[in-house]
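Asker: First the structure, then my questions, so here it is.
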Amino acid sequence: MKARHPRALLASIALALIAVGVDRYAIHRTYERAAAAAATAVPSVPDLSTWPAAYAARVRAATAVALHGGRPFEALQELARLYHANSAYEQAERLERSLAAIQPKNPRWPLYLADAAQNLGDMEASRAFLEQTVRLSPHYAAARLKLADACFKAGDLDEASRQYQARIDLVPDDPYARLGLARIALQREDRDGARRYLEAAVRRDPNFVSAHNLLAEVYDQLGRRADAEEQRSAALGRFVEADDPWMTELYAWTFDPFRLVLPGVAALQTRQFSDVLPFYRAAARDGTNLSASIALAALKHSVQAASTDP
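Under this note's numbering, the first residue of the sequence shown carries the number 17, and numbering increases by one thereafter.
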């Protein structure tokens, strides 16, 4: 085969790079046009007087850019995350629907919409968004578990069982899925099956409080009183939710003191403690705001723990 002339080769490379640049520019322009159209969905800024000034300033700045700035797509994303991470679910849901329309293949938007719908009390919509998330990202284990739980709560035991098993396929020996399968077994009056699932769950995670408590109930039903008491003695601590990296990343936008101290979130948020600590100190100073006092104590504990980590 005849070798290509160096100039011809360079010309081909240049044309390819130009094509890539044009393609990226076209995609960016498409997003920007869609975002500009979606800016009509930007909600009015709610009353933020009970929030730290840094949070209010970021919300107002992102709103202004989304409505009038030159990069509405980025502003819409930031605004949706700021609202969602700080429990303004109605505003977040409105923005996330627009973003899902702009990026229909991005599985994070339906996951966030599922969480917003759940917090707004719409369980049917939450399940539908979780199903969409799983279709877009079938290997994201956290969505599988949430969909399984949603199906179980809706009484769809067959689909819940399939989704719990899909979670186990992705996360072998997962105690959360085994807890779910044990609950399904109990619904079907299969106590021995439930016992096996729960015993496997506590072997995998000896600190899994929910599995210990349910296993104690099963042992009671089977007449194994001593084993039941042993399980109750082992059920120390509190329930810890399964990891969901996408939701944890979302809370990088939180100014909520009770979320700032959650495992995984605190590591993302050390830069914001300096913003929120003065606000909650001032709110707690008059002695009448119990929530602010509790939040301040939690924040101080989290900051102290972070400073003593090796």
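Note that beta-carbon positions come from the ideal geometry of N, C-alpha and C, so glycine has one too.
Suppose contacts are defined by Cβ-Cβ distances below 8 Å. Is A101 in contact with W262 by that definition?
Answerer: One-based indexing of the sequence shown puts residue 101 at position 85. One-based indexing of the sequence shown puts residue 262 at position 246. No. Outside cutoff.
Asker: Can you list the alpha helix (DSSP H) stretches of 4 or more residues lying completely in the region 182 to 228, in chain order?
Answerer: Listed in chain order, they are 191 to 203 and 207 to 220.
Asker: For R74 versus V81, is the C-beta distance shorter than 8 Å?
Answerer: The count along the sequence shown starts at 1 and reaches residue 74 at position 58. The count along the sequence shown starts at 1 and reaches residue 81 at position 65. Against a cut-off of 8 Å, the Cβ pair of V81 and R74 comes out as no contact.
Asker: Using the Cα positions of Y105 and T79, report the straight-line distance between them to the nearest angstrom.
Answerer: For the purposes of this step, residue 105 is taken as the residue at position 89 of the sequence shown. For the purposes of this step, residue 79 is taken as the residue at position 63 of the sequence shown. When rounded, the distance between both Cα atoms is 16 Å.
Asker: How far does the alpha helix (DSSP H) with F89 in it extend, from its first residue to its last?
Answerer: In the sequence shown, counting from the first residue as 1, residue 89 sits at position 73. Start and end: P88 to A101.
Asker: Can you tell me whether DSSP reads A80 as helix, strand or coil?
Answerer: On the sequence shown, residue 80 is found 64 positions in, with the first residue counted as 1. Three-state result, A80: helix.
Asker: Could you check whether L129 and S114 sit closer than 8 Å to each other, using their CB atoms as the reference points?
Answerer: In the sequence shown, residue 114 corresponds to position 98, counting from 1. In the sequence shown, residue 129 corresponds to position 113, counting from 1. Not a contact, by the Cβ cut-off of 8 Å.
Asker: Would R211 and V225 qualify as a contact pair, given that the criterion is a beta-carbon distance under 8 Å?
Answerer: The residue given as residue 211 occupies position 195 in the sequence shown. The residue given as residue 225 occupies position 209 in the sequence shown. No, the pair does not count as a contact, with Cβ atoms beyond the cut-off.
Asker: H228 and Q203 - do their beta-carbons sit closer together than 8 Å?
Answerer: As a first step, residue 203 must be located in the sequence shown, where it is residue number 187. As a first step, residue 228 must be located in the sequence shown, where it is residue number 212. Cβ atoms of Q203 and H228: not closer than 8 Å.
Asker: Assuming Q107 is part of the alpha helix (DSSP H), what are its boundary residues?
Answerer: To locate residue 107, count along the sequence shown from 1; it is residue 91. It spans Y105 to I118 - the alpha helix (DSSP H) in which Q107 sits, taken as one unbroken run.
Asker: Distance, Cα to Cα, F271 vs Y180?
Answerer: For the purposes of this step, residue 271 is taken as the residue at position 255 of the sequence shown. For the purposes of this step, residue 180 is taken as the residue at position 164 of the sequence shown. For F271 and Y180, the distance between alpha carbons rounds to 33 Å.
Asker: Figure out for me which residue from A117, E94 and A132 has the closest Cα to the Cα of S103.
Answerer: On the sequence shown, position 87 is the one that residue 103 refers to. For S103, the nearest C-alpha among the options comes from A132.
Asker: Can you give me the Cβ contacts of W125 inside the same chain, cut-off strictly under 6 Å, excluding the 5 residues immediately before and after it?
Answerer: Along the sequence shown, one-based indexing puts residue 125 at 109. These residues qualify, in order along the chain: E112, L115 and A116.
Asker: Within 8 Å (strictly less), CB to CB, does E245 reach chain B?
Answerer: Judged by its chain identifiers, the structure shown contains no chain B, having just a single protein chain.
Asker: Output the boundary residues of the alpha helix (DSSP H) element that contains S153.
Answerer: In the sequence shown, counting from the first residue as 1, residue 153 sits at position 137. First-last for S153: undefined, no H or E at that position.
Asker: List the endpoints of the continuous alpha helix (DSSP H) containing E14.
Answerer: The question about residue 14 has no answer here: the residues shown for the chain are numbered 17 through 326.
Asker: Would you mind stating whether R143 and L163 have Cβ atoms separated by less than 8 Å?
Answerer: Working through the sequence shown from its first residue, we reach residue 143 at position 127. Working through the sequence shown from its first residue, we reach residue 163 at position 147. Cβ distance < 8 Å, so R143 and L163 count as in contact.
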